[in-house]
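Participant: Residue numbers (our numbering): 25 to 204.
Each residue gets a CB set at the ideal place from its N, CA and C atoms; glycine is no exception.
Pasting a structure here, questions to come.
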């Protein structure tokens, strides 16, 4: 198994915000070099990484972010969400989010943003408020508001084989390309 530093280098040093959230197929293709590592981490084989804050962060990024990059538009994109959330909760409780560069810490909170639970969403808002990143906080609030309204993320319906309600269809049309 690769060391977590390779993932940290790729995600934070070699790439940035413009790649992470663009949905560009070219970035998804670059992420594919970590497909085998993603599979190992998804099987729970990276427990030793949890000995350091950076290792915990790398594990979360693979489970939460790379699942979406590698499996865009498919159910597998969301398959690791519960594991990522449990590990994020442990990491935050251990203070790992306060032990990494401030600009990296928001990735400890992303699994909260991706949860289809209002309780978890509200905790995510609290964490992003503490983090002090206003832009990320607004995204968190938008996600929370979507869950408060629908109880789920309508943009996932097609990938997960869920039937969209008329209200969800109208909402998705209004969002013009914003995907939660």
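Any contact between the region 186–195 and the region 93–108? By contact I mean 3 or more CB pairs, one from each, below 8 angstroms.
Facilitator: No contact exists between the region 186–195 and the region 93–108.
Participant: Under a three-way DSSP split, which group does residue 174 fall into?
Facilitator: In the structure shown, residue 174 sits in a helix (DSSP, three-state: H, G or I).
Participant: Give the DSSP-derived three-state secondary structure of residue 158 in the structure shown.
Facilitator: In this structure, residue 158 counts as helix in the three-state DSSP scheme.
Participant: Would you give the residue range spanned by the alpha helix (DSSP H) that residue 137 belongs to?
Facilitator: First-last of the alpha helix (DSSP H) with residue 137: 130–137.
Participant: Between the alpha carbons of residue 95 and residue 85, how many angstroms are there, rounded?
Facilitator: Taking the straight line joining both Cα atoms gives about 14 angstroms.
Participant: For the candidate residues 178, 134, 129, whose alpha-carbon lies nearest to that of residue 108?
Facilitator: The candidate whose alpha carbon is nearest that of residue 108 is 134.
Participant: Quick one, are the C-beta atoms of residue 171 and residue 130 less than 9 angstroms apart?
Facilitator: Cβ atoms of residue 171 and residue 130: not closer than 9 angstroms.
Participant: Are at least three pairs of beta-carbons, each pair with one atom in the region 149–166 and one in the region 58–71, less than 8 angstroms apart?
Facilitator: In short, these stretches do not touch, since the Cβ pair count stays below three.
Participant: Go through its chain and collect everything with a Cβ distance to residue 161's Cβ below 8 angstroms, but skip five positions before and after it.
Facilitator: Counting only Cβ-Cβ distances below 8 angstroms, and skipping sequence neighbours, we find 149, 152, 153, 155.
Participant: For residue 41, count neighbouring C-beta atoms within 10 Å of its own C-beta (all shown protein chains included) and say buried if the count is 16 or more, exposed if not.
Facilitator: Per the 10 Å Cβ criterion, exposed.
Participant: On the premise that residue 83 lies in contact with residue 73, defined as a C-beta separation below 8 angstroms, what is that separation, rounded to the nearest angstrom?
Facilitator: Indeed they touch by this definition, with Cβ atoms about 5 angstroms apart.
Participant: Relative to the C-alpha of residue 192, which candidate in 92, 54, 173 has its C-alpha closest?
Facilitator: Checking every option, the nearest Cα to that of residue 192 belongs to 173.
Participant: Expressed to the nearest angstrom, what Euclidean distance is found between the alpha-carbon atoms of residue 117 and residue 123?
Facilitator: About 12 angstroms.
Participant: Once you ignore the five residues that flank residue 168 on each side, which residues in its own chain have a CB closer than 6 angstroms to its CB?
Facilitator: The answer, listed in chain order, is 145, 149.
Participant: So what does DSSP say about residue 147, is it helix, strand or coil?
Facilitator: Looking at residue 147 - three-state DSSP - the assignment turns out to be helix.
Participant: Just how far apart, CA to CA, sit residue 53 and residue 194?
Facilitator: Each residue's Cα considered, the two are about 32 angstroms apart.
Participant: Hey, could you find the ends of the alpha helix (DSSP H) residue 78 is sitting in?
Facilitator: Looking at the DSSP string, the run of the alpha helix (DSSP H) that includes residue 78 is 77–84.
Participant: How big is the Cα-Cα spacing for residue 199 and residue 166?
Facilitator: The straight-line gap from Cα to Cα measures roughly 11 angstroms.
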